[in-house]
Amino acid sequence: MSLQAYESEAKAPLDPLPALQHTLGNIINDLVFGETYERHDPNWLYLQQLQEQGVKLIGVSGMVNFLPWLRHLPGNKRSIRFLLDGKAKTHALYDRIIARCAQQLQQEKEQQQQQQQQQSPGRSILAHFLHERQPYSQLYCDEQLRHLLADLFGAGVDTSLATLRWFLLYMAREQRCQQRLQSELRHLSESPTLAELEPIAYLRACLSEAQRIRSVVPLGIPHGVDQDTMVGDYHLRKGTMVLVLQWAIHMNPEAWPEPEQFRPERFLSADGDYVAPAQFIPFQTGKRMCPGDELARMMLTLYAGRILRRFHVQLPAGEAQHVDFEGECGITLAPAHYKLQFTPMEELPKND
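Each residue of the sequence shown is one higher than the one before, starting from 1 at the first, in the UniProt record's numbering.
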């Protein structure tokens, strides 16, 4: 993870979004496609812009799924046109990536056949998909693959990016919490590893509280009922769509006293160990919970820990009362654009 963007511009307030979007996005690019982008690559800049705007517009346009006549309203027509155009351009880009990957796999296959070696499936999800579908090409088409790649990239980037931005924003406002966390981080190496950061219970508690107080998927992900069932006094017919309202669960005052207050201590036992209450479900729960929860936890821990090990963050002078803590809700609940002051830790006065 690169922190050069913050180091080079640390004297002036800056928006952390571009650096986070680039580095987080490239982790997912590498996992999904086996490719990464330079920061100013035009294709990458377009995908980032589409991701940010598309997440907002899909949330607004989602009502069209329930009330189709709304698609005729001017605002919705523009949103749908933007999304369909973005889908076409993204799929065209994916087709080029798929073709490159397929060509590379074919070349490797021919080389390994000459050397009488078993073919390796490659290291990306795309490469594995192309390798595994070879005997079943009539069942798995490129259209399925395009949508799978888009889902994996979008889900992998959007939620983690929004969570990190909320985390930094709350750390900047809640200086007591930040100072306590940094008192534990300052004894680690300058670029701590995941193994160093995972035992820091207060870091995990701060991240969890950010996920609770601003659920990045407030409506949850739609599920379906595969048979007639009862939920309390409600009869749900087979095929009914069910949404787990994570916002209501995470802001329930019976489970979380004074839920609008940022208190990482909710996730700490009397002994200081990390404890997650049953009502905490940032990745939902059950068999259909988010399959990327472990990867997300690792990325959040590594990014949050390394940033606050190197920098003290605070809101620019005189702007604290103007910062929006409500957020913008599309598919995910993300903060509005904001700027923070990043001060290298070595420039702060030493207290011990």
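Backbone N, C-alpha and C define an ideal beta-carbon position, used for all residues, glycine too. For clarity, every value in this text was computed on a predicted model and none was experimentally measured.
With a 10 Å radius around the Cβ and a threshold of 16 neighbouring Cβ atoms, D293 comes out exposed. Straight across, the Cα-Cα distance linking A304 with D233 is about 43 Å. Per DSSP, V216 is not a residue of any beta strand (DSSP E), being assigned neither H nor E.
Between the segment 187-202 and the segment 262-272, the count of C-beta pairs closer than 8 Å reaches three or more; the two stretches touch.
Counting of Cβ neighbours within 10 angstroms places M299 among the buried residues, the total reaching 16 or more. If you draw a straight line from the Cα of D226 to the Cα of L245, it comes to about 20 Å. The C-alpha of H91 is placed about 8 Å away from the C-alpha of H147.
Exposure of A317 is indicated by the presence of fewer than 16 other C-beta atoms within 10 angstroms of its C-beta. For V313, the enclosing beta strand (DSSP E) starts and ends at 311-314. With a 10 Å radius around the Cβ and a threshold of 16 neighbouring Cβ atoms, V313 comes out buried.
Cβ-Cβ distances below 6 Å link E196 to L188 in the same chain, with the five nearest sequence neighbours on each side left out; the list follows chain order. Per DSSP, Y234 is one residue of the beta strand (DSSP E) stretching across 234-236.
Between W247 and S215, the C-beta spacing is below 7 Å.
DSSP, read as helix, strand or coil, puts C329 in strand. Rounded to the nearest whole angstrom, the C-alpha separation of S160 and L236 is 33 Å. Under the rule that a run must span 3 or more residues, no beta strand (DSSP E) segment is found entirely inside the segment 73-115.
DSSP places V64 in the helix class (H, G or I) of the three-state scheme. A buried status is given to M171, since no fewer than 16 other beta-carbon atoms sit within 10 Å of its beta-carbon. Where T193 is concerned, there is no enclosing beta strand (DSSP E), because DSSP gives it neither an H nor an E. The criterion of a C-beta distance shorter than 7 Å is not satisfied by L145 and V32. Just so you know, the alpha carbons of R71 and G86 end up roughly 17 Å apart. In the DSSP annotation of this structure, the continuous segment of the beta strand (DSSP E) that includes Q341 starts and ends at 341-344.
Sequence-distant Cβ neighbours of I125 in its own chain, meaning closer than 6 Å and more than five residues away, are V32.
If you draw a 10 Å sphere on the C-beta of S79, you find 16 or more other C-beta atoms in it, and that means buried. It is roughly 7 Å from the alpha-carbon of L194 to the alpha-carbon of T301.
Excluding residues up to 5 positions away in sequence, R146, L149 lie with their Cβ nearer than 7 Å to the Cβ of Y94 in the same chain. If you check the CB distance, D324 and A336 come in under 7 Å. If you ignore the 5 residues before and after K77, its C-beta comes within less than 8 Å of the C-beta of R71, all in its own chain and listed in chain order. Counting along the chain, no beta strand (DSSP E) covers M289, and no H or E run does either. A12 and D273 have their C-alpha atoms roughly 37 Å apart. The beta carbon of A276 is closer than 7 Å to those of S208, F267 in its chain, skipping five residues each way along the sequence. In this structure, the beta-carbon distance from L308 to Q113 does not fall below 7 Å. Here A334 carries a strand assignment [DSSP, helix/strand/coil].
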